[in-house]
Amino acid sequence: MSKRIIDSVGKRQSSVTQLKLAVLISGGGTNLQALIDACAGTDFPAGISLVISNQENAGGLMRADKAEIPTRVIRHLDFTDRDAFDDALTAALEAANVELICLAGFMRILGRAFIEHWQDRLINIHPALLPAFKGLHTHRHALEAGVRIAGCTVHYVRAEVDVGPIIAQAAVAVLPGDTEESLGQRVLKQEHRLYPLAVELIARGHVRIEGGNAKLESDWAGEDVTLINPLPAPEK
Ligand code: GAR
Numbered sequence: 139m140s141k142r143i144i145d146s147v148g149k150r151q152s153s154v155t156q157l158k159l160a161v162l163i164s165g166g167g168t169n170l171q172a173l174i175d176a177c178a179g180t181d182f183p184a185g186i187s188l189v190i191s192n193q194e195n196a197g198g199l200m201r202a203d204k205a206e207i208p209t210r211v212i213r214h215l216d217f218t219d220r221d222a223f224d225d226a227l228t229a230a231l232e233a234a235n236v237e238l239i240c241l242a243g244f245m246r247i248l249g250r251a252f253i254e255h256w257q258d259r260l261i262n263i264h265p266a267l268l269p270a271f272k273g274l275h276t277h278r279h280a281l282e283a284g285v286r287i288a289g290c291t292v293h294y295v296r297a298e299v300d301v302g303p304i305i306a307q308a309a310v311a312v313l314p315g316d317t318e319e320s321l322g323q324r325v326l327k328q329e330h331r332l333y334p335l336a337v338e339l340i341a342r343g344h345v346r347i348e349g350g351n352a353k354l355e356s357d358w359a360g361e362d363v364t365l366i367n368p369l370p371a372p373e374k
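Each residue of the sequence shown is one higher than the last, beginning at 139 in the numbering used here.
What follows is the structure, encoded as C-alpha cells:
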C-alpha cells in the first residue's frame with residue numbers, strides 16, 4: 139500500500155505517508171490544479187503520480203507538465219470499444235502503482251468492469267448536491283428547479299452514473315440574478331476546496347464504507363454547519 143517517503147525541500151524535511159493518486163481529466167483541469175496545490179503542501183498525505191487525459195488538447199495537461207507530473211493521453215477514439223479503452227486506463231494506472239483515482243472533469247463514462255476493479259479506490263467530483271441534479275448541465279437544472287442552495291459533491295464511483303457513497307459536499311447560496319455561469323463559478327470555487335479535503339480524509343484513513351454509505355471517522359465534521367438562504371432578517 140502506501141509508501142513511506144521522505145520529502146526534502148532545502149532544509150525542511152517532512153515525512154508523510156503519501157497515497158499515490160492518479161487524476162483523470164478531459165478539460166481545463168482547475169480541480170487538478172487544486173489537487174496539485176494541495177499535494178505541494180508539507181504534510182499533505184497524498185501525491186499525484188499520474189495525470190491521464192482522454193483529450194490530447196486538455197488544458198489540464200499543461201498544468202501537470204508545469205508541476206512535473208507524468209501525463210498520459212489515452213484517447214477513447216483510438217479504441218474500438220469501451221472495455222478496450224478502460225483496459226488501457228487500468229494498465230497505465232497499475233503501471234504507476236496508483237492507489238486512488240480522482241476523476242476531475244473526466245467526461246467519459248467508465249464501464250462496470252473498470253469501476254468494479256477499482257471499487258472504493260475511485261472517486262469523482264460532481265458539480266451538484268447529489269443525489270439532486272445528476273448528469274450534465276447541473277447548474278442550469280438547479281436554476282430551473284428554483285433551489286436556493288446549490289453545491290458540489292465528492293463521492294465514490296459506482297456503476298450507475300453520479301451515484302455512490304458521498305464523502306463530502308459543499309453548499310453555496312443561489313443568488314437573485316444568478317446565471318448558469320455565475321452559479322457555476324461560485325460552485326467551482328468550492329470544488330477547489332472540497333476535492334483536496336476529501337482526498338485528505340481518505341488518505342488519513344478517516345473514511346470507511348458501511349452499508350453503502352461513507353462514514354467519517356474524524357472530528358473535522360462541524361456539528362453546527364448551517365447555510366440558510368435567504369438569510370433571516372437580522373434581529374433588532
Ligand atoms: C467541474 O465542475 C467538475 O465538477 C465537472 O466538470 C468540471 C471540470 O472542471 N465534472 C462533471 O461534470 C463530471 N460529471 P475542471 O476541468 O476545471 O476541473
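Think of the CB as a built atom: it goes at the ideal place given N, C-alpha and C, for glycine as much as any other residue.
- At a threshold of 8 Å, Met-200 does not count as near the ligand GAR, since its beta carbon sits no closer than that to any of the ligand's heavy atoms.
- Gln-193 counts as buried, since at least 16 other C-beta atoms from the protein chains shown sit within 10 angstroms of its C-beta.
- In terms of Cα proximity to Met-245, the closest of Leu-231, Pro-265, Ala-280, Val-236 is Pro-265.
- Note that the C-beta distance between Leu-188 and Thr-155 is not below 9 Å.
- By the Cβ neighbour-count rule, Lys-353 is exposed, with fewer than 16 other Cβ atoms within 10 Å of its own.
- Annotation for Ala-352: the continuous beta strand (DSSP E) segment containing it runs 351–354.
- When DSSP assignments are scanned along the stretch 196–222, the uninterrupted stretches of alpha helix (DSSP H) that are 4 or more residues long and fall wholly within it turn out to be 198–204.
- Taking C-beta separations shorter than 8 Å and ignoring five residues to either side along the sequence, the partners of His-255 in its chain run Thr-228, following chain order.
- For Gly-185, there is no enclosing alpha helix (DSSP H); the residue is found in the beta strand (DSSP E) stretching over 184–191.
- Closest by C-alpha distance to Val-345, out of Gly-185, Ile-305, Gly-165, is Ile-305.
- Partner residues in the beta bridge of Leu-159, as assigned by DSSP, are Ile-186, Leu-238.
- In this structure, DSSP gives Gly-322 a helical state, which the three-state scheme calls helix.
- Contact between the stretch 273–292 and the stretch 247–254 is absent: fewer than 3 CB-CB pairs across the two stretches fall below 8 Å.
- The residue from Arg-331, Val-161, Ala-297 with its alpha-carbon nearest to that of Gln-307 is Arg-331.
- Residue burial annotation: Thr-276 is buried, with at least 16 other C-beta atoms found within 10 angstroms of its C-beta.
- Around the C-beta of Leu-321, 16 or more other C-beta atoms lie within 10 Å, and the residue is accordingly described as buried.
- With fewer than 16 other CB atoms across the displayed protein chains lying within 10 angstroms of its CB, Arg-250 is exposed.
- In the three-state DSSP reduction, Thr-317 falls in the coil class, being neither helix nor strand.
- The beta carbon of Leu-365 lies closer than 7 Å to those of Ile-287, Ala-309, Ala-311 in the same chain, with the five residues before and after it left out.
- Within a 10 Å sphere around the beta-carbon of Asp-216 sit fewer than 16 other beta-carbons, which makes this residue exposed.
- Here Ile-247 is exposed, its C-beta having fewer than 16 other C-beta atoms within 10 Å.
- The ligand GAR has no heavy atom closer than 8 Å to the beta-carbon of Val-310.
- Within the DSSP bridge table, the entry for His-264 names Thr-291 as partners.
- Taking C-beta atoms as the reference points, Gly-243 and Leu-173 fail to come closer than 9 Å.
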